[in-house]
Amino acid sequence: MKGSNTLKLLSKRRTVRRFTDQEVSEEQIAALIEAAFYAPNYLNRRPWHFLVVRDKGVQNTLGSILGVRPYVQEASAVIVLLGDAQLSSAWQLDLAVAGENIVIAATAMGLGSAWVGNPHSPAWDVTEQKIRELLDIPKHIGVLALIAIGYPAQAPEPHTKEERWDVSRVHYGKFSHLKGEWGNIKIK
Ligand SMILES: Cc1cc2nc3c(=O)[nH]c(=O)nc-3n(C[C@H](O)[C@H](O)[C@H](O)COP(=O)(O)O)c2cc1C
């Protein structure tokens, strides 16, 4: 794949918060999880578990727990990113990286995705406990986030370099040396 094609795919990934009724196939969900399994992870411990929820009632409850209805309910599927804290101290990082693979793969497949949940938020312990009870998740397995997946009912504009590239955030050699000219490079 050309560099510009890769960047185009990445720029097209936007958070989608409205989904159509069209169901995503089980095969597509399996492909998204396969994408997650290819992610880099600390010491190759692979502490991940992926819990797929495709039940509107349960999705509705998840949306309420997280305070983000209705799109969690509207989604064709929700993938809960879980990690085994006994397997790796870096499980949260590993799951975040794997989750990124999922949302990029979803974009490539014409699907929309929304990442939900911040394990560093003050109320996360309570949120996590509620999700744990709802989905029968064992104690040593932590919840990192949920990804709502479906066919998009909204089309947010792709990101652009003009909007996103930040000259003050690209340093070269030393923190004080900014690499401003890279902002003008057109990738082929
Ligand atoms: C760790 C994390 C937690 C997020 N939690 C939520 C959330 O609870 N609700 C929501 O609507 N979006 C959530 N998002 C999506 C962000 O709001 C979104 O990625 C950001 O506004 C940038 O927009 P974009 O994804 O379209 O580029 C979350 C994203 C991340 C990475």
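In the numbering used here, the protein residues as written are -2 to 185. Note that CB positions come from ideal geometry on N, CA and C, so glycine has one too. As the structure is a prediction and not an experimental result, all values here were calculated from the model.
Quiz prompt | Where Lys183 falls: helix, strand or coil (DSSP) | solution = coil
Practice problem: Could you name each continuous beta strand (DSSP E) segment of 3 residues or more that falls completely within the segment 30 to 80, going from the start of the chain to the end? | Solution: 45 to 50
Quiz item: Distance, Cα to Cα, Glu71 vs Thr12?
Solution: 14 Å
Quiz item: Taking three-plus beta-carbon pairs below 8 Å as touching, is the segment 21 to 41 in contact with the segment 96 to 111?
Solution: yes
Practice problem: For Ile184, count neighbouring Cβ atoms within 10 angstroms of its own Cβ and tell me buried if that reaches 16, exposed if not. | Solution: exposed
Practice problem: Using only alpha-carbon positions, find the residue among Arg161, Phe172, Glu23 that is nearest to Asn181. | Solution: Arg161
Quiz item: Does the Cβ of Leu63 lie closer than 7 Å to at least one heavy atom of ligand 1?
Solution: yes
Exercise. Mind listing, in chain order, the continuous beta strand (DSSP E) runs of no fewer than 3 residues lying wholly within the segment 91 to 175?
Key: 109 to 113, 138 to 147, 171 to 175
Quiz item: According to DSSP, is Gly3 helix, strand or coil?
Solution: Before going further, note that residue 3 is Thr rather than Gly in the sequence given. Three-state DSSP puts Thr3 in a helix.
Quiz prompt | Spatial neighbours of Ile76 in its chain, beta-carbon cut-off 6 Å, leaving aside the 5 residues before and after | solution = Phe47, Val49, Ile144
Quiz prompt | Proximity test, Val113 beta-carbon vs ligand 2 heavy atom, cut-off 7 Å | solution = As far as ligands go, the structure on display features ligand 1 and does not contain ligand 2.
Quiz item: Any contact of the segment 146 to 163 with the segment 122 to 132, i.e. 3+ C-beta pairs under 8 Å?
Solution: no
Quiz item: What does DSSP give as the partner residues of Thr12 in its beta bridges?
Solution: Ser110
Practice problem: Leaving out five residues on either side along the sequence, give the residues of the same chain with a beta carbon under 8 Å from the beta carbon of Ser73. | Solution: Phe16, Gln19, Glu20, Val21, Arg51, Ile146, Gly147, Tyr148
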